[in-house]
Ligand code: NAD
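Residue numbers (our numbering): 1 to 262.
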């Protein structure tokens, strides 16, 4: 899968020809390996296109700009990618995925999976919502909304919200506030919370109103939400384990710090 821009399309053609010449069978219906060409956003789209095959498929990301968080190859490394795929014996690196269950007051249920995060926001006025962690009423939140992210999503929206960066192999969920109201009357923890794999987070909005649920790069609108539950999914996303896999801390440094003179 490639982003719709001339650079990604050129890389797509080059890779397509190189893989075909190397004897790979190219199929978009039942792939064993999905290669996304573009940036992290493109890998998110590839994840959602093939999330029904998560148990069997492995992903590879090729970035047409800087090195991304989900991309191990740059656009000028196509030959190296093809050589590595020729030697591939099925090794994988797996990262946790978020499962979201949204229940409406009429009993209807909708489930989603997120690779980065899901957010709940009220479309008009301040969102007021009870936050439960397992069966504990943790706090009553007032503000713009709440985000729950995966470890790999911790460097995305979660980081902009002041959340912590988690190593992607840590099996945990992170709850982060989006512009909470904190004063003499209203009080929330005010920092992000990292909960372990076995725990469930639930958001219970107080008002019968319209809310948005964002799941990575998609947004859905719902009326009259009873509760939104967040868990770590039983299935993980698998990436092809490549010899050129960049260390997570190098990626964080490259993306957010760069080379500073000290
Ligand atoms: P996009 O592709 O323009 O992505 C936005 C930016 O987020 C890009 O720079 C991308 O490289 C980066 N990004 C995506 N996943 C990342 C990750 N796991 N770690 C570090 N950076 C990452 O836009 P899109 O396709 O709509 O992407 C959706 C993502 O954008 C959401 O999942 C959310 O994490 C992020 N986002 C961030 C903010 C914010 O930081 N204020 C606001 C909304 C959405």
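For each residue, glycine too, the CB sits at the ideal point set by N, CA and C.
Provide the residue(s) that pair with residue 127 in DSSP beta bridges, ordered along the chain. In the DSSP output, where bridge partners are listed per residue, residue 127 has 143.
What does a CB cutoff of less than 8 Å around residue 18 pick up in its chain, not counting 5 residues either side in sequence? Listed in chain order, the non-local C-beta contacts of residue 18 below 8 Å within the same chain comprise 78, 79, 82, local neighbours out to five positions each way being set aside.
Residue 64 CB to nearest heavy atom of the ligand NAD below 7 Å: No.
Does DSSP put residue 59 in a helix, in a strand, or in coil? In this structure, residue 59 counts as strand in the three-state DSSP scheme.
Taking all protein chains shown into account, do 16 or more other C-beta atoms lie within 10 angstroms of the C-beta of residue 68, making it buried, or fewer, making it exposed? Classification for residue 68: buried.
Residue list, Cβ distance to the ligand NAD heavy atoms smaller than 6 Å: Listed by position in the chain, the residues whose beta carbon lies within less than 6 Å of some heavy atom of the ligand NAD are 39, 40, 41, 44, 68, 69, 116, 117, 152, 153, 155, 156, 157, 160, 216, 217.
Inter-residue spacing [alpha-carbon to alpha-carbon] between residue 53 and residue 216: Between the alpha carbons of residue 53 and residue 216 lies a distance of about 18 Å.
Rounded to a whole number of angstroms, what is the C-alpha to C-alpha distance between residue 206 and residue 177? Going by the C-alpha atoms only, they are around 17 Å apart.
With a cut-off of 8 Å, do at least 3 Cβ pairs link the region 121-140 to the region 196-212? Flag = yes, the region 121-140 and the region 196-212 touch.
With a threshold of 7 Å (Cβ to nearest heavy atom), would residue 174 be considered close to the ligand COA? By its list of ligands, the structure shown excludes the ligand COA, since it contains just the ligand NAD.
With DSSP as the reference, please indicate the residues paired to residue 238 in a beta bridge. In the DSSP output, where bridge partners are listed per residue, residue 238 has 94.
How should residue 256 be labelled, buried or exposed, when 16 other C-beta atoms within 10 angstroms of its C-beta is the threshold for buried? Counting Cβ neighbours within 10 Å, residue 256 comes out exposed, since fewer than 16 surround it.
In the DSSP output, what is residue 219 paired with across the bridge? Residue pairing by DSSP places residue 219 opposite 214 in a beta bridge.
Opening and closing residue of the beta strand (DSSP E) in which residue 194 lies: Looking at the DSSP string, the run of the beta strand (DSSP E) that includes residue 194 is 193-196.
Just list the residues that DSSP pairs residue 111 with in beta bridges. For residue 111, which the question treats as bridged, DSSP gives the partners 101.
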